[in-house]
């Protein structure tokens, strides 16, 4: 095996890991016979950290910070904070539309079922869920596009990362795939507008914090999860 072949194999492994970290986490939970609702998120955050370390050290990708970090910090923080309610409204609007569509045809979609009002009891630490959101941005807005660009070019690399970001939420239902796919575009716009990953990281982390108070995660048969939204938020 030549050094070029090894580099190609490492690139392929990096692409696969970056494309499906949630699948890896759910499979680990099933393999270890762990309670999905309690352990998938911690395993997922751990998997994201491992993937980032792999991309950062083994593939030689640099840290995701611009040279003018001091200037970018206030811009990224401000844009990210403003982006939190925008991301929330986008996600809720898509799920409401999905609920209306499926109710019209006499069935409910996973990810858009009506629940009683009130805060759901969460088995996971909200800060852990928020951390997962920030790590997702590092992968799907920086590392995965960079890896894919080496093979497909920057345009297709960015597009592929958006597709994979939506698809990893398939374990929560297809309306979640659509909602998170649109959110991925919004986070990409934040990155392009500010020039710093801090903006989408803050917006995504804040969005996840809000989500921990309004959605309920339940284990589904096997390694899959079921996510059910509360009644339309006011």
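In our numbering, the protein residues as written are 300 to 533. Even for Gly, the Cβ is constructed at its ideal location relative to N, Cα and C.
Notebook entry, point to check: At which residues does the alpha helix (DSSP H) containing residue 468 begin and terminate?
Noted result: Start at 1 with the first residue of the chain shown, and residue 468 comes out as number 169. It is not in any alpha helix (DSSP H) - residue 468 carries neither H nor E in the DSSP assignment.
Check: In terms of alpha-carbon separation, which member of 493, 396, 483, 315 lies closest to residue 468?
Finding: Locating residue 468 in the chain shown gives position 169, where the first residue counts as 1. The alpha carbon of residue 468 has as its nearest neighbour, out of 493, 396, 483, 315, the alpha carbon of 483.
Next item on the list: Please report how far the alpha carbon of residue 481 lies from the alpha carbon of residue 338, in whole angstroms.
Entry: Position 182 of the chain shown, counted from the first residue, corresponds to residue 481. Position 39 of the chain shown, counted from the first residue, corresponds to residue 338. Computed Cα separation, rounded: 27 Å.
Notebook entry, point to check: Excluding the five sequence neighbours on either side, which residues of its own chain have a C-beta within less than 7 Å of the C-beta of residue 314, listed in chain order?
Noted result: Counting from 1 along the chain shown, the entry for residue 314 is found at position 15. Only 446, 447 meet the Cβ criterion.
Next item on the list: Look up residue 452 in the DSSP assignment and say whether it is helix, strand or coil.
Entry: Taking the chain shown and counting its residues from 1, the one referred to as residue 452 is at position 153. Coil at residue 452, not helix or strand.
Check: Should residue 511 go down as buried or exposed, given a rule of 16 or more other Cβ atoms within 10 Å for buried?
Finding: Indexing the chain shown from 1 puts residue 511 at position 212. Answer is buried; the Cβ neighbour count reaches 16.
Next item on the list: Keeping to the same chain, check which residues put their C-beta closer than 7 Å to that of residue 389; ignore five residues upstream and five downstream.
Entry: The residue you call residue 389 lines up with position 90 of the chain shown. Once the five neighbours on either side are set aside, the close Cβ partners of residue 389 are 481, 482, 485.
Notebook entry, point to check: What do you get for residue 325, buried or exposed, if any count of 16 or more other CB atoms within 10 angstroms of its CB means buried?
Noted result: Within the chain shown, numbered from 1, the residue matching residue 325 stands at position 26. By the 16-neighbour rule on beta-carbons within 10 angstroms, residue 325 is buried.
Next item on the list: Take residue 490 and list the residues in its own chain whose beta-carbon comes closer than 7 Å to its own, dropping the five residues that flank it on each side.
Entry: For the purposes of this step, residue 490 is taken as the residue at position 191 of the chain shown. Same-chain partners within the cutoff: 440, 496, 498, 499.
Notebook entry, point to check: What's the C-alpha gap between residue 466 and residue 355?
Noted result: Translated into the one-based positions of the chain shown, residue 466 becomes position 167. Translated into the one-based positions of the chain shown, residue 355 becomes position 56. Rounded to the nearest angstrom, the two C-alpha atoms are 24 Å apart.
Margin query: Assuming contact is defined by CB atoms lying nearer than 7 Å, are residue 431 and residue 349 in contact in what I supplied?
Written below: The residue given as residue 431 occupies position 132 in the chain shown. The residue given as residue 349 occupies position 50 in the chain shown. Result no, Cβ atoms of residue 431 and residue 349 do not sit closer than 7 Å.
Checklist line | N- and C-terminal bounds of the alpha helix (DSSP H) containing residue 308 | finding: Within the chain shown, numbered from 1, the residue matching residue 308 stands at position 9. Here the alpha helix (DSSP H) through residue 308 covers 302-318.
Check: Tell me which same chain residues have a C-beta within less than 8 Å of the C-beta of residue 411, skipping the five on either side of it?
Finding: What you label residue 411 is simply residue 112 of the chain shown in a count that begins at 1. Residue placement at residue 411 is flagged as unreliable, the pLDDT there being 45, under the threshold of 50; the coordinate-derived value follows with that caveat. So the qualifying residues of the chain are 394, 395, 397, 398, 401, 472, 474, 528.
Notebook entry, point to check: Does DSSP put residue 424 in a helix, a strand or coil?
Noted result: Working through the chain shown from its first residue, we reach residue 424 at position 125. The answer is coil: DSSP assigns residue 424 none of H, G, I, E or B.
Next item on the list: Return the CA-CA distance between residue 503 and residue 476, expressed in angstroms with no decimal places.
Entry: What you label residue 503 is simply residue 204 of the chain shown in a count that begins at 1. What you label residue 476 is simply residue 177 of the chain shown in a count that begins at 1. Approximately 16 Å, taken between the alpha carbons.
Note to self: Helix, strand or coil for residue 337? Go by DSSP, reduced to three states.
What the structure shows: In the chain shown, residue 337 corresponds to position 38, counting from 1. Looking at residue 337 - three-state DSSP - the assignment turns out to be helix.
Margin query: What residue range does the alpha helix (DSSP H) around residue 276 cover?
Written below: Residue 276 cannot be examined here, being either before or after the span of the chain that is shown, 300 to 533.
Check: Mind checking whether residue 493 and residue 340 have CB atoms under 7 Å apart?
Finding: In the chain shown, the residue the question calls residue 493 occupies position 194. In the chain shown, the residue the question calls residue 340 occupies position 41. No.
Next item on the list: Could you name the residues of the same chain whose beta carbon sits closer than 7 Å to that of residue 342, not counting the 5 residues immediately before and after it, in chain order?
Entry: Taking the chain shown and counting its residues from 1, the one referred to as residue 342 is at position 43. Same-chain partners within the cutoff: 324, 327, 328.
Notebook entry, point to check: According to DSSP, is residue 359 helix, strand or coil?
Noted result: Residue 359 sits at position 60 when you count from the first residue of the chain shown. Reduced to three states, the DSSP call for residue 359 is coil.
Next item on the list: Could you check if residue 428 is buried or exposed, using at least 16 other CB atoms within 10 Å of its CB as the buried criterion?
Entry: Taking the first residue of the chain shown as 1, we reach residue 428 at position 129. Per the 10 Å Cβ criterion, buried.
Next item on the list: Report yes if the C-beta distance between residue 351 and residue 459 is below 7 Å; otherwise report no.
Entry: On the chain shown, position 52 is the one that residue 351 refers to. On the chain shown, position 160 is the one that residue 459 refers to. In terms of Cβ geometry, residue 351 and residue 459 do not form a close pair [threshold 7 Å].
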